[in-house]
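Protein chains in written order, with our numbering: chain E, 29 to 417; chain R, 7 to 290. One structure is given here, and the rest of the page talks about it.
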Amino acid sequence: MQRRLTGSASDPRIRARYRRETRFKAYTVTALFVAFAIIVAFFADIISQGYTAFWRTEIQVTLDYNERAERIGRFAINEDLREIVSRGAVRGIPLEIRNNPELAGTTHERWVPVYSRIDQYFKGKEALPPELEQQVLQLKEAGVIRSTFNWAFFTAGDSKLPELAGIFSAAVGSIFVLFVTLMFAFPIGVLSAIYLEEFAPDNKLTQAIEVNINNLAAVPSIIFGLLGLAVFINTFGVPRSSALVGGLTLGLMTLPIIIISTRAALRAVPDPIRLGAFAMGCSRWQVVRDHVLPLSLPGILTGTIIGLAQAMGETAPLIIVGMIAYIPEAPSSIFESATVLPAQVFTWASEPRKAFMEKTAAGIIVLLAILLTLNATAVLLRRKFERRW
Amino acid sequence: METELKNTPTTAAETQSMADNTGEQTMGGKAVPEVKMQAEDLNLWYGDTQALHSINLEMYAREVTALIGPSGCGKSTFLRCLNRMNDLIPQVRLEGRVSLDGEDIYDHSVDVVQLRTFVGMVFQKPNPFPKSIYENIAYAPRLHGTGTSRSELDDLVESSLKRAGLWNEVADRLDTPGTELSGGQQQRLCIARAIAVNPEVILMDEPASALDPLATATVEELIHELKDNYTIVIVTHNLQQAARVAGYTAFFHMGKVVEYNDTDTLFTNPREQRTEDYITGRFG
Numbered sequence: 029m030q031r032r033l034t035g036s037a038s039d040p041r042i043r044a045r046y047r048r049e050t051r052f053k054a055y056t057v058t059a060l061f062v063a064f065a066i067i068v069a070f071f072a073d074i075i076s077q078g079y080t081a082f083w084r085t086e087i088q089v090t091l092d093y094n095e096r097a098e099r100i101g102r103f104a105i106n107e108d109l110r111e112i113v114s115r116g117a118v119r120g121i122p123l124e125i126r127n128n129p130e131l132a133g134t135t136h137e138r139w140v141p142v143y144s145r146i147d148q149y150f151k152g153k154e155a156l157p158p159e160l161e162q163q164v165l166q167l168k169e170a171g172v173i174r175s176t177f178n179w180a181f182f183t184a185g186d187s188k189l190p191e192l193a194g195i196f197s198a199a200v201g202s203i204f205v206l207f208v209t210l211m212f213a214f215p216i217g218v219l220s221a222i223y224l225e226e227f228a229p230d231n232k233l234t235q236a237i238e239v240n241i242n243n244l245a246a247v248p249s250i251i252f253g254l255l256g257l258a259v260f261i262n263t264f265g266v267p268r269s270s271a272l273v274g275g276l277t278l279g280l281m282t283l284p285i286i287i288i289s290t291r292a293a294l295r296a297v298p299d300p301i302r303l304g305a306f307a308m309g310c311s312r313w314q315v316v317r318d319h320v321l322p323l324s325l326p327g328i329l330t331g332t333i334i335g336l337a338q339a340m341g342e343t344a345p346l347i348i349v350g351m352i353a354y355i356p357e358a359p360s361s362i363f364e365s366a367t368v369l370p371a372q373v374f375t376w377a378s379e380p381r382k383a384f385m386e387k388t389a390a391g392i393i394v395l396l397a398i399l400l401t402l403n404a405t406a407v408l409l410r411r412k413f414e415r416r417w
Numbered sequence: 007m008e009t010e011l012k013n014t015p016t017t018a019a020e021t022q023s024m025a026d027n028t029g030e031q032t033m034g035g036k037a038v039p040e041v042k043m044q045a046e047d048l049n050l051w052y053g054d055t056q057a058l059h060s061i062n063l064e065m066y067a068r069e070v071t072a073l074i075g076p077s078g079c080g081k082s083t084f085l086r087c088l089n090r091m092n093d094l095i096p097q098v099r100l101e102g103r104v105s106l107d108g109e110d111i112y113d114h115s116v117d118v119v120q121l122r123t124f125v126g127m128v129f130q131k132p133n134p135f136p137k138s139i140y141e142n143i144a145y146a147p148r149l150h151g152t153g154t155s156r157s158e159l160d161d162l163v164e165s166s167l168k169r170a171g172l173w174n175e176v177a178d179r180l181d182t183p184g185t186e187l188s189g190g191q192q193q194r195l196c197i198a199r200a201i202a203v204n205p206e207v208i209l210m211d212e213p214a215s216a217l218d219p220l221a222t223a224t225v226e227e228l229i230h231e232l233k234d235n236y237t238i239v240i241v242t243h244n245l246q247q248a249a250r251v252a253g254y255t256a257f258f259h260m261g262k263v264v265e266y267n268d269t270d271t272l273f274t275n276p277r278e279q280r281t282e283d284y285i286t287g288r289f290g
């Protein structure tokens with residue numbers, strides 16, 4: 029029997045072909061490996077830098093609400109501990125006493141945060157002068173220094189004292205800003221897309237609008253900040269630094285994303301559905317409301333979430349409208365000064381003190397966790413409602 | 007002469023003389039029924055391309071009229087003129103007259119939405135709404151206010167499904183999505199959906215071409231039953247199908263009606279050479 033199917037191994041042309049194929053495959057695998065390695069390195073670095081911020085060192089002290097502490101909180105602490113206890117932990121004492129005079133003269137056992145340098149020392153990040161080191165090690169030995177979960181990081185606003193700084197005010201700011209962005213960009217974006225896709229005649233004007241919307245999505249975000257400054261702050265007098273102006277500015281940026289994704293979602297609804305509805309005697313609005321919109325809603329929501337996630341991570345345009353700011357108190361309305369999570373990260377990153385480094389990394393972790401959650405929601409939504417025609 | 011034809015039943019002789027006048031339509035001595043829809047000197051352009059050339063066609067009440075012809079001959083375009091679906095295409099320009107019971111459907115006072123409740127349509131590919139079977143049928147009556155209470159709608163859904171011959175297959179699962187039915191069932195659902203609006207004319211654009219032979223047979227049977235109550239205009243590529251379901255057949259070629267006659271005559275004794283060539287498979 030003549031074997032015709034096995035001889036190719038010796039054919040040089042075929043061998044060369046296999047070699048090329050193997051080589052090309054190796055390139056692709058290497059590229060993937062590099063990309064993956066970068067991501068892993070990035071996450072590993074951020075997490076290893078940041079996880080310590082979720083813990084803080086506390087010391088058990090006796091607070092003595094004596095006469096001197098009525099004026100300066102620090103005097104409530106035993107003299108030799110004054111370099112160890114955080115200033116921030118005791119600075120509220122005079123106010124406390126003024127509000128509640130019965131406290132004067134009493135003493136309290138309390139766990140309070142330590143000064144950030146000492147906190148950093150216990151996290152192995154900073155060295156202490158030998159005497160101080162000796163002292164804190166003795167205190168640790170004595171069991172009056174402990175490490176606990178840093179709830180304050182999530183419940184406190186920004187502070188100039190690293191041991192007290194938290195992301196709460198920035199998180200509230202982000203929520204307000206996103207709320208404004210959503211309220212502004214979602215209705216305008218979806219309605220514009222519906223008009224362009226379902227109602228607009230196909231003429232030069234609508235084509236020009238279309239091209240411009242697509243271009244808008246590619247405009248550098250800082251330009252939107254300038255636009256926000258010029259339009260919202262200078263022309264309409266929206267309060268500077270407020271969540272309102274930030275939200276509107278980011279809304280301008282999110283608008284083209286929502287319009288484009290909504291149009292894609294509308295276009296994905298097959299024409300026979302529209303024709304069927306028209307043939308039943310539906311008006312155009314009824315076709316859109318009863319058939320096209322329900323079918324494209326998951327796609328619209330997915331696009332909106334992705335747009336919002338992008339807005340949430342945006343910092344550049346907010347610099348211009350004054351939202352990169354030191355905001356220790358969470359805003360209580362969209363008209364008050366606010367900052368947002370990425371801006372908070374930016375503020376911390378520019379702090380010279382080492383203790384803010386872990387805050388920066390922790391802020392990034394929180395931001396990334398929120399963004400991943402948003403994107404995962406978008407993916408799940410798309411999966412769940414994806415329809416094949 | 008032509009306007010008289012609209013509502014008065016005419017005798018064979020009258021028809022013959024009328025047919026002689028127009029020179030186009032000979033109904034083989036059969037009694038010609040009432041004209042339901044009529045196209046007169048209908049011309050249509052897509053942009054600069056003329057797709058229909060002075061079409062004159064009468065569609066008779068409670069009859070099936072088949073439109074046959076090779077691809078691109080204008081038969082589907084003509085069908086879509088009958089419920090003004092062509093309005094949805096921006097570049098379409100139309101001249102001439104199409105009437106329903108003598109009323110010009112292109113008159114500027116005509117409400118397209120209203121027209122489409124009189125002239126329903128079934129498409130080539132079954133296109134049930136991605137809603138439940140019940141909703142597919144109840145949707146339009148609710149929209150048009152012809153069925154409002156739940157019990158009215160229940161009855162309407164049942165009767166429409168029964169007329170479409172689908173009731174026995176789906177009665178126990180009206181809540182399942184219409185898109186989960188088989189192709190043939192979906193098409194009958196679309197027919198039921200069209201019936202629910204209580205139209206007088208049903209247009210069908212190759213309703214069986216996406217179906218398997220068995221489902222096709224069921225749909226054809228259904229068309230046969232529906233013609234007792236509705237005027238049906240059907241576009242088909244399948245000549246046997248036209249021969250089976252249609253009482254009258256029009257042969258379209260290059261945007262013109264080459265020949266229009268009762269189906270038997272057209273298929274057995276075509277007047278035009280082109281018709282004969284087409285039905286014997288020499289082109290198309």
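Just so it is clear, CB atoms sit at the ideal spot from N, CA and C, and this is done for glycine as well.
Residue-level contact to chain R via CB, Ala307 (chain E), 9 Å cutoff:
At least one chain R Cβ lies under 9 Å of Ala307 (chain E).
With three or more beta-carbon pairs closer than 8 Å as the criterion, would you say the segment 190–202 of chain R touches the segment 129–138 of chain R?
yes
Could you tell me whether any Cβ in chain R is nearer than 9 Å to the Cβ of Gly304 (chain E)?
Yes, because at least one Cβ of chain R sits closer than 9 Å to the Cβ of Gly304 (chain E).
Could you work out which residues of chain E lie near Met127 (chain R), taking near to mean beta carbons separated by less than 9 Å?
Near Met127 (chain R) (Cβ distances below 9 Å), the residues of chain E are Leu303, Gly304, Phe306, Ala307, Met308.
Local conformation of Pro125 (chain R) per DSSP, three classes:
Inspection of the sequence shows that residue 125 (chain R) is occupied by Val rather than by Pro. Strand, per DSSP.
Three Cβ pairs or more, each shorter than 8 Å: is that satisfied between the segment 199–217 of chain R and the segment 72–89 of chain R?
Yes, they touch.
Residue burial classification, Ile66 (chain E) (beta-carbon count within 10 angstroms, cutoff 16):
exposed
Do you know whose CA, among R:Ile285, R:Arg169, R:Val176, R:Arg277, lies nearest Asn235 (chain R)'s CA?
R:Arg169
To the nearest angstrom, how far is the alpha carbon of Arg99 (chain R) from that of Ala307 (chain E)?
20 Å
Going along the chain, which unbroken runs of the alpha helix (DSSP H) with 4 or more residues stay wholly within the segment 37–120 of chain R?
81–87
If you run the structure through DSSP and keep just helix, strand and coil, what is Gly29 (chain R)?
Here Gly29 (chain R) scores only 39 on pLDDT, less than 50, and its place in the model should not be relied on; the value that follows carries that caveat. It is coil, neither helix nor strand.
Cβ of Gln235 (chain E) within 9 Å of any chain R Cβ:
no
Hey, Gly20 (chain E) and Leu409 (chain E): beta-carbon distance below 9 Å or not?
In the structure displayed, chain E extends from 29 to 417; residue 20 (chain E) sits before or after that span and is not available.
Could you tell me which chain E residues have their CB closer than 8 Å to the CB of Lys310 (chain R), listed as they occur along the chain?
Summary: the structure shown does not reach residue 310 (chain R), with chain R confined to residues 7 through 290, and so no result is reported for it.
DSSP three-state assignment for Pro141 (chain E), whether helix, strand or coil:
strand
For a cutoff of 9 Å on Cβ pairs, would you count Pro229 (chain E) as touching chain R?
yes
Which of helix, strand or coil does DSSP assign to Thr343 (chain E)?
coil
Could you name the residues of chain R that Ser324 (chain E) contacts, counting a contact when the two beta carbons are closer than 8 Å?
Residues of chain R passing the Cβ test: none, with the nearest at roughly 12 Å.
Hey, is Val116 (chain R)'s beta-carbon within less than 9 Å of any beta-carbon in chain E?
no
Once DSSP output is grouped into helix, strand and coil, what is the label at Ile393 (chain E)?
helix
Give the single residue among E:Glu154, E:Pro122, E:Phe177 whose Cα lies nearest to the Cα of Trp139 (chain E).
E:Phe177
With distances taken from CA atoms, which of E:Glu357, E:Leu346, E:Gly152 is nearest Pro248 (chain E)?
E:Leu346
For Leu109 (chain E), tell me which candidate among E:Val89, E:Asn128, E:Ile348, E:Ala117 has the shortest Cα-Cα distance.
If we check each option's Cα against that of Leu109 (chain E), E:Val89 comes out closest.
Would the beta-carbon of Pro183 (chain R) fall within 9 Å of that of Ile139 (chain R)?
yes
Quick check on this structure: which residue in E:Asn262, E:Ala213, E:Arg302, E:Ile393 has the alpha carbon closest to the alpha carbon of Gly331 (chain E)?
E:Ala213
Below 8 Å between beta carbons is the criterion; list the residues of the segment 142–174 of chain R that meet it against any residue of chain E, in chain order.
Tyr145, Ala146, Leu149, His150
Amino acids of chain R, ordered along the chain, whose beta-carbon sits closer than 7 Å to that of Gln314 (chain E)
Leu149, listed in chain order.
Which residue wins for smallest C-alpha separation from Leu156 (chain E), given the options E:Ile112, E:Asp186, E:Ile105?
Looking at the Cα atoms, E:Ile112 is the closest of the given residues.
Beta carbons nearer than 8 Å to chain E: which residues of the segment 80–107 of chain R have them?
Those would be Asn89, Met91, Leu94, Pro96, in chain order.
Judging by CA-CA distance, which residue of E:Leu255, E:Thr388, E:Ala404, E:Thr401 is the nearest neighbour of Ser76 (chain E)?
E:Thr388
Proximity to Leu272 (chain R) [Cα-Cα], best of R:Gly287, R:Thr286, R:Thr255, R:Val263:
R:Thr255
For Tyr55 (chain E), count neighbouring C-beta atoms within 10 Å of its own C-beta (all shown protein chains included) and say buried if the count is 16 or more, exposed if not.
With a 10 Å radius around the Cβ and a threshold of 16 neighbouring Cβ atoms, Tyr55 (chain E) comes out exposed.
Looking only at its chain, what residues have a beta carbon closer than 7 Å to the beta carbon of Gly391 (chain E), apart from the 5 residues adjacent to it on each side?
Here the set comprises Ile195, Leu369, Gln372, Val373, Trp376.
Mind reading off the beta-carbon distance from Ala271 (chain E) to Gly201 (chain E)? Whole number of angstroms is fine, and I expect it under 8 Å.
6 Å
Just list the residues that DSSP pairs His150 (chain R) with in beta bridges.
Note: His150 (chain R) sits in no beta bridge, so no partner.
In three-state terms, what does DSSP make of Tyr421 (chain E)?
It is not possible to answer for residue 421 (chain E), since the shown part of chain E is limited to 29 through 417.
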